[in-house]
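Each residue of the sequence shown is one higher than the last, beginning at 0 in numbering that gives the first Met the number 0.
By construction, the Cβ of each residue, glycine as well, lies at the ideal position given by its N, Cα and C atoms.
Here the structure is a predicted model, which is why all the values come from computation and not from measurement.
Here the structure is laid out as structure tokens; the discussion comes afterwards.
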Amino acid sequence: MPNPSANQPRGFAPPAPASLSLGVVGNCAFSALIDLQGRVVWSCLPRFDGDPVFHALLGGDEGAGAFSIEIENLAESRQYYAPNTAVLHTELWDRDGQGLLITDFAPRFPSRGRFFRPTMLVRRVRPLKGAPRVRVQLTPRFHWGAQTPTITSGSNHIRYVGDQQTLRLQTDASVSHVISREPFLLTREHNFLLGPDETLEGGVGDTARHFEQETLAYWREWTRRLALPLEWQDAVIRAAITLKLSVFEDTGAIVAAMTTSIPEAPGTQRNWDYRYCWLRDAFFVVRALNSLAEVSTMEDYLGWLTNAVVGANGGHVQPLFGIGLERELPESLCENLPGYRNMGPVRVGNQAQEHFQHDVYGNIVLAAAQAFHDKRLLHPAGLAEFERLEAVGAQAVRIFDKPDAGMWELRTRARVHTSSALMCWAACDRLAKIAHTLQLPERATHWQQHAAHMRDRILGESWNEERQAFAESFGGRDLDASVLLMAEVGIIDPMDPRFIATLKALEEHLCDGPYMRRYEAPDDFGTPETAFNICTFWRIDALARIGRVDEARAIFETMLAARNPLGMLSEDTHAVTGEMWGNFPQTYSMVGIINAAVRLSTAWDTVI
């Protein structure tokens with residue numbers, strides 16, 4: 000696609016304006032976001048919630064916090080993934096028809112009985128045509144942009160030394176050219192391996208080539224094992240890989256997104272740090288990957304989840320944790336960075352860890368439920384795991400009708416939210432089913448009775464006769480898209496006239512064309528402006544369940560068109576401009592792509 004205008008002066012183009020047209024590379028230890036000009040604009044090290052050594056996405060000093068490989072007289076760029084992998088290719092072409100290819104990836108492959116996933120970004124660049132003139136600019140920053148590292152170098156490496164971490168670039172390009180940012184002619188392949196301050200066992204080029212071949216093979220094999228729907232396979236594969244890249248494999252945690260402080264809508268200050276593990280978001284990720292027969296993520300996550308549950312001692316479970324199971328994530332403002340398109344503030348940490356969000360108990364049980372029924376697992380769940388979950392269910396019984404902050408994390412308003420009570424019901428309902436599978440009839444009856452009581456109260460007290468809809472809270476009248484989960488988790492038949500009427504009311508009051516907002520009532524920042532992508536996908540699911548399949552498919556195609564060129568979605572879509580807003584890539588949104596495709600696809604037996 001065209002980039003700078005051909006009328007621009009010759010030379011090196013300025014950086015592309017901040018946008019979410021970004022590619023993602025990673026290896027389940029860390030990630031990096033790369034723009035259409037091949038510039039690394041975001042990467043936190045040594046892990047997802049670490050220091051953003053590349054922070055250009057959120058601004059800062061000009062040219063700082065980025066890793067760019069530039070071509071002189073840029074005329075056109077093109078970006079794409081190697082099929083079925085997380086290996087990203089960026090082509091840059093100059094006005095004279097000369098071009099280069101940048102290949103970006105983070106190594107990930109089995110080695111010595113484990114997955115080799117170093118905190119290393121590999122960038123390989125080679126000429127495609129001619130000998131274009133290039134410039135390498137590597138300007139990491141530490142302490143959220145506040146600290147410029149000290150630079151030392153050797154014959155084939157450059158060290159960027161900070162007071163808490165040191166990065167080492169190992170390269171077969173000219174070290175002098177990289178340090179001075181001096182342009183040079185690209186006449187052969189060059190490799191750049193940026194990672195910990197450790198030497199390589201082999202040569203730079205040989206190591207880069209080996210890592211690329213093994214990483215390509217890993218992702219192709221991982222993708223090959225997915226149970227895909229017949230339709231929209233490319234979209235599902237990209238969504239699945241993106242969800243896998245959001246896993247912090249060391250602990251099993253799953254981040255909600257890889258960024259912080261991308262506004263939900265322009266100029267609203269709805270800027271949040273999503274680089275942590277929400278039990279709600281993680282459950283949806285696990286369930287989506289399970290639907291594609293990718294159960295290893297569930298197994299890893301359940302290890303992390305069990306530790307969170309045991310630590311709660313049968314009491315309150317906070318809605319999110321750090322990826323290392325950190326319980327305290329104090330929220331602060333970063334003064335060094337101006338924010339995405341200068342739309343601050345930049346927040347570090349998330350005060351929602353202090354919230355009471357009662358849907359968490361259902362999310363815990365639902366995430367674990369398949370492990371009791373799935374015979375493929377290496378470590379299927381049994382009686383011990385069930386007893387731990389019963390403590391979670393007991394807490395759900397105690398609090399299901401108590402006010403909380405709700406799944407949208409309202410900071411100044413507490414109500415008995417329908418979605419929270421619904422998930423407490425789901426905890427009891429699934430515990431009954433698990434008890435039945437484990438042949439524990441007394442426990443099955445116990446949980447069935449609690450679920451039946453909750454169901455009666457939820458369907459009775461959340462129904463608003465005036466609005467002809469299930470409202471967002473017991474005795475309330477405001478509409479909220481989260482009640483669409485009532486059909487998805489099974490508390491009500493989707494053909495129930497009350498559910499059909501609820502969907503109709505939500506479409507009338509929350510939809511902007513195909514897009515759906517979260518709720519209608521103003522919150523701490525006013526009335527929501529953008530559509531929340533997962534809500535649109537919940538609408539798609541509801542439409543399909545009640546037989547409006549053609550409408551569901553049309554809206555799904557609209558959502559696919561709203562993705563960036565590499566198949567990614569952020570948290571929100573602006574209904575008027577179609578632009579993406581909110582943190583990126585948003586696991587909730589990528590889950591929606593998988594769920595909709597699985598729900599709507601034509602069956603395989605229609606073509607084979």
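**Item:** Enclosing beta strand (DSSP E) for W41 [first to last residue]
**Value:** R38 to L44
**Asked** DSSP three-state call for R134: helix, strand or coil?
**Response** strand
**Residue nearest to A255 in terms of C-alpha spacing, selected from L242, W303, L229 and D249** = L242
**Message:** With the cut-off set at 7 Å, would you say A370 and W580 are in Cβ contact?
**Reply:** no
**Asked** What is the DSSP secondary structure of Y514, counted as helix, strand or coil?
**Response** strand
**Item:** CB-CB length for Y360 against M297, believed under 8 Å
**Value:** With 8 Å as the limit, Y360 and M297 do not qualify as a contact, their Cβ atoms being about 18 Å apart.
**Asked** Three-state secondary structure (DSSP) at H315?
**Response** coil
**Prompt:** Which stretch, first to last residue, makes up the beta strand (DSSP E) that contains L80?
**Reply:** Reading the sequence as shown, one finds Tyr at residue 80 and not Leu. L73 to Y80 is the span of the beta strand (DSSP E), which, as asked, contains Y80.
**Request:** Would you list the one or two residues that DSSP bridges to C276?
**Result:** F320
**Request:** Thinking S260 and R346 are a contact (beta carbons under 8 Å), I'd like their distance in whole angstroms, please.
**Result:** 5 Å
**Prompt:** For the stretch 223-241 against the stretch 155-173, are there 3 or more C-beta pairs whose distance is under 8 Å?
**Reply:** no
**Item:** Rounded Cβ spacing between A81 and L291 (contact assumed at less than 8 Å)
**Value:** 20 Å between Cβ atoms; not a contact.
**Message:** Given a cut-off of 7 Å on the beta-carbon distance, is the pair E210 and C276 in contact?
**Reply:** Residue 210 is actually Phe in this sequence, not Glu. Cβ atoms of F210 and C276: not closer than 7 Å.
**Request:** For H354, name the three-state secondary structure that DSSP assigns.
**Result:** coil
**Request:** Using DSSP bridges, identify the partner residues of L379.
**Result:** First, the amino acid is wrong: residue 379 is Pro here, not Leu. Beta-bridge pairing links P379 to no other residue.
**Item:** Extent of the continuous alpha helix (DSSP H) run through C534
**Value:** N532 to R544
**Message:** Between the alpha carbons of H54 and I545, how many angstroms are there, rounded?
**Reply:** 45 Å
**Prompt:** What are the start and end residues of the beta strand (DSSP E) that includes S331?
**Reply:** S331 to C333
**Asked** Is it the case that the Cβ atoms of I253 and S245 are separated by a distance below 7 Å?
**Response** yes
**Asked** R116 to C43, Cα distance in whole Å?
**Response** 15 Å
**Message:** If you measure between the beta carbons of F282 and N362, is that distance less than 7 Å?
**Reply:** yes
**Asked** Skipping 5 residues on each side, what residues in its chain have a beta carbon closer than 6 Å to that of W231?
**Response** A596
**Prompt:** In terms of alpha-carbon separation, which member of G59, T250, P45 and P402 lies closest to M119?
**Reply:** P45
**Asked** According to DSSP, is A5 helix, strand or coil?
**Response** Low local confidence applies: a pLDDT of 47 at A5 is under 50, so the model's placement there is unreliable, with the coordinate-based value given in what follows. A5: coil per DSSP, three-state reduction.
**Asked** Which residue from T267, A238, D103 and F469 puts its Cα closest to that of T586?
**Response** A238
**Asked** What do you get for T258, buried or exposed, if any count of 16 or more other CB atoms within 10 angstroms of its CB means buried?
**Response** buried
**Request:** Grab me the residues of R123's own chain with a C-beta within less than 6 Å of its C-beta, minus the 5 sequence neighbours each way, in chain order.
**Result:** T102, N190 and A207
**Request:** Look up K128 in the DSSP assignment and say whether it is helix, strand or coil.
**Result:** strand
**Request:** Report the rounded CA-to-CA distance for S67 versus Q36, giving the unit in angstroms.
**Result:** 8 Å
**Close beta carbons around W603, own chain, < 6 Å, minus the five adjacent residues each side** = L229
**Request:** Starting from the C-beta of S18, find all residues in its chain whose C-beta is less than 6 Å away, skip the five residues before and the five after it, and write them out in chain order.
**Result:** none
**Under the three-state DSSP convention, the category W92 falls into** = strand
**Request:** Note down the Cα distance separating P182 from F536, rounded to an integer number of angstroms.
**Result:** 47 Å
**Asked** I167 lies in the beta strand (DSSP E); which residues open and close that run?
**Response** Reading the sequence as shown, one finds Arg at residue 167 and not Ile. Where R167 is concerned, the enclosing beta strand (DSSP E) stretches over T165 to T170.
**Prompt:** Which residues in the same chain have their Cβ closer than 7 Å to the Cβ of A413, if we skip the five residues on either side of it in sequence?
**Reply:** P402, D403 and A404
**Asked** Can you tell me whether DSSP reads N349 as helix, strand or coil?
**Response** coil
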